[in-house]
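To start, the structure under review is shown below, and the notes come after it.
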Ligand code: SF4
Ligand code: SF4
Ligand code: SF4
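Below, the structure written as structure tokens:
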């Protein structure tokens, strides 16, 4: 069922992309941010009509975000991971809603969870988090434990201990990590 | 699909259900009976039960619990007194537990199980809120002393476990090949094998307590697992300055209590240590070893150590890291003591000893070889010239059974023969040999003689006999198995009676009587012999390997008495100090022959000497 | 109008001479809503003008939590991503881990996984079909189907020790072998489920009320469904032969015959019928799996699983769940914990995107039915 998509992609897009076969029927194409939409449009015209979903990875050590579009063809049965890297300081990506309109909530989610900005997406309002003021939570520098230790203290919640004789031991983030 | 005929009346066929027996039941008055027994299935993951007598307190359940529901709480027993277990037991907080049973699958002792008990939603049984709270706490934590164990649900036997029960493969030479030479035959782990083996450890620390030197075993195994060998070796040097040697020949008491040994084979702690040292290379190891010295400035104190065996070397290392000047006196040409002149090279090659000793020489320890205390330099002068003296002379001499004809020229003492082999001297090797003794030294001499026989005669013909019965022999199991593989015949449970001679005065064999038991009820050495049940082992050479003795000729009677000498051994305090001021004792002469004990003694002695200096 | 304390009127959004628009929160308190999810509907009378999905009420931060747990520990979280159909999650995650590790699991383990997946599918379909009935007010259907679902859960309990969250798969295979006599019980159950189909046909599919309520509701064309991420039975209901089990075979599906029948029409009725067809086929698939079940190991020895280290790499693994494609994109940096786990749930495209198109102009009574027909299940939107 192979459609030689990698060979054709290589011919078509030349050095703009970097592709390889990862596993059986699972391919990977890496490209530059500004080329992603061209590539996705081309893939869709090659009957890769199913955009499964989008994911984002925070490569904090390299100071980059990686966006992954998962596209699939019902004809060749190949699954392609289209990947691009964004600078972590000012992450933004062209929206793909003109190719696949249902990418809108995925982009909205990535915006909320990583802080990647998608100019052109009509709705980047908060989706899951309510009254969120901290860092986008799926970033690696957001430490969930510190967050809850800071938030869920009796003081921060405005609670006073109900009984005087109960010792409430508050653990600081450092202590709790030491204990691990 | 073509939908059936569209009819307004068909749905009313449901009314037929009105006349059927209801499918629901009124729990808890009745219970389901779908699994052959009333209630949940036989594998149900309900509340936990833990057999506290079997539980070893390793804490692995707590480590793998994904919801952090398990806390380890102290049982109040003094942890250091327990062997093979930690003094803690798990409690489960059902406010967190998600009933995944990972803890059960990861429990190495098999004590933790899940039961078919569960809490269902029901009204509170208590009137006052306080009682209610107590009731809930009780219901929602599993205290030590398990409930419900008579209603077992999810269990984990053997192979389902998360643990890796089998040792990683380690390449050995075949018995045929190895018996032909004195080359080391255990080839050591490759990196993959070592990583896999290191991953088997669950980092419970139970082994640490059993190790005489209290080595940080889980920590250095973790270093290997994280591929941080430098860290691993650094941890080793904290408690053992002879890791390369111990990684080969340690009696590995730790492995006998390893948590994994309850269900499978213990972690190959010894081979992992060897792997870390070998893989890092001697230069790097020596660098790490001497880096400990940088923390202290020189104290100006001097210590004399008599004997460059494991205890002496260990003390020398730690004393010099503490900034003291150390001089080691050794009668043999090279350092190592029994390790070099007793243990055969196929178990412990010279380079390993050299590498470990080299680290010490680089730290400035002064080795005076071929210097016998008593003849070349007197004990009194040492006491005068040095601030402290450590006696770590070990057991360089053999003991004899003193049976009839034990002094025939064709007999020998194992320890002396081994010594000669190591020195490269030619020793007599007959075609048929009988060996008396069941310890590791007996195995060493048997296997050494086997190698010599193989070279000389092309075949192995050795009979080994000892007092202890099968399964009681003091030698390590591996040693026994490997000896048998190499063609040595082992006949345990016989007491030697006499060495019989033929008409020409040549040895013709060993007469033995059946030994019924070795120790009496009080665990005292008191063999019981059946004089009627006799046997005869033919052979023209007999080697005795029944024990070792020391040589205290350099000490005066008064000194010996002051130092608490009794039947070849010394009784010392925890600080290894003898009755004589400034004189310390360590090693085999205190604790019997064992390298790792000697290393531990050396370390202890070094600490007490340091304390002595600091006191003034 | 009298209102008791604490009650509020609907927010009025705008008003003109002809009509006023009110905001209606169609959320977890609505009996037709499947869990903790909500739509904010702008209503004119009973007609919907605009819809704003209100997710996040079930968000548990699983993707973040999985980065902080060991590879195997995550399996206690993963089934919770989809409550009625948990096993596809476990399998997808394990398959992704196995792909990065580069290991092939034993054949028997693959079969057991397939059996478990099909059982989970049956249970979820019963809940789905019952859910359609429930949304229409046909509660007897729902109750009757729950009985049968419980029988499936009994078998799960006997196999895995758990009824709802089975936590049965681990990287390398499954945690326990099939107990003696279990497959016989499974085959008996298959017979019972099959014998129930005529009753459900009578109750649901031949029922004129159901046919009229579902017919034409939420129509989507094949081309549009394919390019808006619709998968599973909803896509097959448009006449597209798409099934992960056939397209990208995993577990034992490359050795098993799957004769999916397709319904056509692309509306809610077609989707409901497709579920029923798939249900029937799943029963047959279980029979084939049991018949071909090979002997051998049920798991691969990967060493001490709590110290499993997965090499650097990433893999996407997908599974055909009852609602569509469930996928796990797993990234490893070579450590003891995943670097990133990204979950593709089947409910997102319909629940978060198609709702804007489909709900506009719809009557409020149809919202729950529309959701049930697309099997929109909030836990996989809110991971
Ligand atoms: S894992 Fe088992 S043996 Fe270890 S502490 Fe827990 S219950 Fe005890
Ligand atoms: S069953 Fe799972 S969640 Fe509960 S205590 Fe054991 S490991 Fe923890
Ligand atoms: S080696 Fe064995 S006893 Fe020691 S920490 Fe590891 S598992 Fe525990």
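Chains as they are written, first to last, in my numbering: chain L, 1 to 180; chain W, 1001 to 1616; chain A, 2001 to 2383. Note that CB positions come from ideal geometry on N, CA and C, so glycine has one too.
Exercise. Return no unless some Cβ of chain L is closer than 8 Å to the Cβ of residue 2237 of chain A.
Key: Answer no: the Cβ-Cβ gap between residue 2237 of chain A and chain L never drops below 8 Å.
Exercise. Starting from residue 2208 of chain A, find everything on chain W with Cβ-Cβ shorter than 8 Å and list it in chain order.
Key: Going along chain W in sequence order, the residues near residue 2208 of chain A (Cβ under 8 Å) are 1006, 1007, 1008.
Quiz item: Just to confirm, does residue 1488 of chain W get its C-beta within under 7 Å of one of the non-hydrogen atoms of ligand 1?
Solution: Residue 1488 of chain W: no, Cβ never under 7 Å from ligand 1.
Exercise. Answer with yes or no whether the minimum CB distance from residue 1308 of chain W to chain A is below 8 Å.
Key: No, its Cβ sits nowhere closer than 8 Å to a Cβ of chain A.
Exercise. Decide if the region 1175-1187 of chain W is in contact with the region 1442-1458 of chain W; the criterion is three or more beta carbon pairs, one per stretch, under 8 Å apart.
Key: Yes, they touch.
Quiz item: Should the region 1294-1304 of chain W be regarded as contacting the region 1269-1285 of chain W, the criterion being three or more beta carbon pairs within less than 8 Å?
Solution: Contact fails: fewer than three Cβ-Cβ distances are below 8 Å.
Self-check item: Residue span of the beta strand (DSSP E) that contains residue 1465 of chain W, given as start and end
Solution: Residues 1462-1466.
Quiz item: Taking 8 Å as the CB-CB limit, is residue 2383 of chain A close to chain W?
Solution: No - not a single Cβ of chain W is within 8 Å of the one on residue 2383 of chain A.
Quiz item: Does the beta-carbon distance from residue 2356 of chain A to residue 2051 of chain A come in below 8 Å?
Solution: Yes; because the gap between Cβ atoms is below 8 Å, this pair is in contact.
Exercise. Using the Cα positions of residue 1241 of chain W and residue 2325 of chain A, report the straight-line distance between them to the nearest angstrom.
Key: Going from the Cα of residue 1241 of chain W to the Cα of residue 2325 of chain A covers about 59 Å.
Quiz item: Leaving out the 5 sequence neighbours to the left and right, which residues in its chain are closer than 8 Å to residue 2192 of chain A when beta-carbon positions are compared?
Solution: Taken in chain order, the residues that qualify are 2148, 2151.
Quiz item: Beta carbon of residue 1206 of chain W: closer than 7 Å to some heavy atom of ligand 3?
Solution: Checking the Cβ of residue 1206 of chain W against ligand 3 gives yes.
Quiz item: Roughly how far, in whole angstroms, is the beta-carbon of residue 142 of chain L from the beta-carbon of residue 134 of chain L, given that I think they are within contact range, below 8 Å?
Solution: Sure, about 7 Å apart at Cβ, within 8 Å.
Exercise. Report yes if the CB atom of residue 1335 of chain W is closer than 8 Å to the CB atom of residue 1357 of chain W, and no otherwise.
Key: Cβ distance < 8 Å, so residue 1335 of chain W and residue 1357 of chain W count as in contact.
Quiz item: What residues in the region 2069-2082 of chain A bring their beta carbon closer than 8 Å to a beta carbon of chain W?
Solution: Cβ contacts with chain W: 2069, 2070, 2072, 2073, 2074, 2075, 2076, 2077.
Practice problem: With hydrogens ignored, establish whether the beta-carbon of residue 1065 of chain W is closer than 7 Å to any heavy atom of ligand 3. | Solution: No, the beta carbon of residue 1065 of chain W sits no closer than 7 Å to any heavy atom of ligand 3.
Quiz prompt | chain A contacts from the region 1035-1059 of chain W (Cβ-Cβ distance under 7 Å) | solution = Cβ contacts with chain A: 1035, 1040, 1041, 1043, 1044, 1045.
Exercise. Just the C-alpha distance for residue 2296 of chain A and residue 1117 of chain W, rounded to the nearest angstrom, thanks.
Key: For residue 2296 of chain A and residue 1117 of chain W, the distance between alpha carbons rounds to 32 Å.
Exercise. Measure the CB-CB distance between residue 1070 of chain W and residue 1037 of chain W and report whether it falls below 8 Å.
Key: No. Outside cutoff.
Exercise. Give the single residue among W/1184, W/1049, W/1459, W/1501 whose Cα lies nearest to the Cα of residue 1346 of chain W.
Key: A check of alpha carbon separations from residue 1346 of chain W across W/1184, W/1049, W/1459, W/1501 identifies W/1184 as the nearest.
Quiz prompt | Under 9 Å from the C-beta of residue 100 of chain L: neighbouring residues of chain A | solution = By Cβ distance, chain A contributes 2227, 2228, 2229.
Exercise. With 8 Å as the threshold, decide whether the Cβ of residue 77 of chain L is near any Cβ in chain A.
Key: Cβ-Cβ to chain A under 8 Å: yes for residue 77 of chain L.
Practice problem: Please classify residue 1010 of chain W: does DSSP put it in a helix, a strand, or coil? | Solution: The three-state secondary structure of residue 1010 of chain W, taken from DSSP, is helix.
Quiz item: Checking contacts by CB at 8 Å: is residue 1271 of chain W closer than that to chain A?
Solution: Against chain A, the CB of residue 1271 of chain W has no partner CB under 8 Å away; the residue lies outside that interface.
Quiz prompt | Segments assigned alpha helix (DSSP H), at least 4 residues, entirely inside the region 2070-2139 of chain A | solution = The region 2070-2139 of chain A contains these whole alpha helix (DSSP H) runs: 2087-2101, 2107-2135.
Quiz item: Listing by chain order, which chain A residues have their CB less than 8 Å from the CB of residue 128 of chain L?
Solution: Chain A residues near residue 128 of chain L: 2055, 2056, 2059, 2382.
Exercise. Would you decide whether residue 2087 of chain A is buried or exposed? Buried here means 16 or more other CB atoms lie within 10 Å of its CB.
Key: Within 10 angstroms of the beta-carbon of residue 2087 of chain A lie 16 or more other beta-carbons, which makes it buried.
Practice problem: Could you check which residue in W/1315, W/1208, W/1163, W/1249 has the C-alpha nearest to that of residue 1344 of chain W? | Solution: Ranking the options by Cα distance to residue 1344 of chain W, first place goes to W/1249.
Quiz item: In terms of residues, what are the limits of the beta strand (DSSP E) holding residue 80 of chain L?
Solution: Counting along the chain, the beta strand (DSSP E) containing residue 80 of chain L begins and ends at 79-87.
Quiz item: Is there a Cβ from chain W that is less than 8 Å from the Cβ of residue 2195 of chain A?
Solution: Not flagged as an interface residue toward chain W: residue 2195 of chain A, since no C-beta distance is shorter than 8 Å.
Quiz item: With contact counted as at least three CB pairs below 8 Å, one residue from each stretch, are the region 1258-1273 of chain W and the region 1220-1227 of chain W in contact?
Solution: Under the three-pair Cβ rule at 8 Å, the region 1258-1273 of chain W counts as touching the region 1220-1227 of chain W.
Quiz item: So, is the C-beta of residue 2067 of chain A closer than 8 Å to a C-beta in chain W?
Solution: Answer no: the Cβ-Cβ gap between residue 2067 of chain A and chain W never drops below 8 Å.
Quiz item: For residue 2267 of chain A and chain W, any beta-carbon pair shorter than 8 Å?
Solution: It does not; no Cβ of chain W falls within 8 Å.
Quiz prompt | Residues sharing a beta bridge with residue 1325 of chain W, DSSP | solution = Under DSSP, the beta-bridge partners assigned to residue 1325 of chain W are W/1302.
Quiz item: Between the region 2285-2301 of chain A and the region 2242-2261 of chain A, do three or more beta carbon pairs fall short of 8 Å?
Solution: With a cut-off of 8 Å, the region 2242-2261 of chain A and the region 2285-2301 of chain A count as touching, because enough Cβ pairs lie within range.
Practice problem: Since I believe residue 1436 of chain W is in contact with residue 1462 of chain W (beta carbons under 8 Å), could you give me their beta-carbon distance rounded to a whole number of angstroms? | Solution: About 12 Å separates the two Cβ atoms, so there is no contact after all.
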